[in-house]
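Working notes, structure below.
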Amino acid sequence: MSGKILAIFIVAAALIFGAVVYYAQVYYFYEPLPEAEARVVLTPQDRGAPRDIPFRDFEGIDASSSPIRYRACFTTSERPDTLDPVFERYEGAEPRNAPTWFGCFDSDAIGAQIAAGTAHVYTSQRNIEFGIDRVVAVTEDGHGYIWEEINECGDKAYDGTPLGEDCPER
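Position one of the sequence shown corresponds to residue 2 (my numbering), numbered consecutively onward.
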């Protein structure tokens, strides 16, 4: 009989622990970003200081537990054809999954738009944190999405490869 009780206790403890870890990863660490404090900036092709673009309907989340948990959605009057000649394109960006409860950010749909060429990705800010770039995708219908990408310096730093001279100081 005591073996059954011990087994039930172990299974219950594992289920409770699993539920706590799931909650922490999916809900606990995220904080909403107030629209009043939001900025949508893009880096010009001359790599000058990032410049604001007009936006509305901003929804954003971030978490201090990881440098790549920032996600945001917005609408803008700007379109890729007017942004392309002015701002730096960001090649190779792939939207990261957002929590399912953050409904405006569908990484699969955004990725499909990027692949189809109906969304263009721009550099927002390089090395917003060491090895992390913030990027902005803007679609032809004026929807925008923001997330963070691990850049080349971040890849090198996190896998132990020696950093090149083009990487900033940590």
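From the three backbone atoms N, C-alpha and C, an ideal C-beta is built for every residue, glycine too.
Remember, it's a predicted structure, so these values are computed and weren't measured experimentally.
Which residues DSSP lists as bridging G145, in chain order: According to DSSP, G145 bridges with F75 and V139.
Close Cβ partners of F56 (< 6 Å) along its chain, the five nearest in sequence each way excluded: V41, F75 and T77
Ordered list of beta strand (DSSP E) runs contained in the stretch 43-107, each at least 3 residues: Qualifying beta strand (DSSP E) stretches, in chain order: 57-64 and 72-76.
Beta-ladder partner(s) of Q126, from DSSP: R135
Cα-Cα separation between W148 and S3, rounded to whole angstroms: 51 Å
Three-state secondary structure (DSSP) of L34: Taken through DSSP and simplified to helix, strand or coil, L34 comes out as strand.
Same chain only: Cβ atoms within 8 Å of G112, ignoring 5 sequence neighbours per side: E95 and P96
Given 8 Å, three or more beta-carbon pairs between the stretch 81-92 and the stretch 116-131: yes
Reduced DSSP category for E150 - H, G, I as helix; E, B as strand; rest coil: strand
Backbone CA spacing between I11 and I17 [nearest angstrom]: 10 Å
Buried or exposed by the 16-neighbour rule on C-beta atoms within 10 Å, applied to G104: Only exposed fits G104, as fewer than 16 other CB atoms lie within 10 angstroms of its CB.
Collapsed DSSP secondary structure at A14 in the structure displayed: helix
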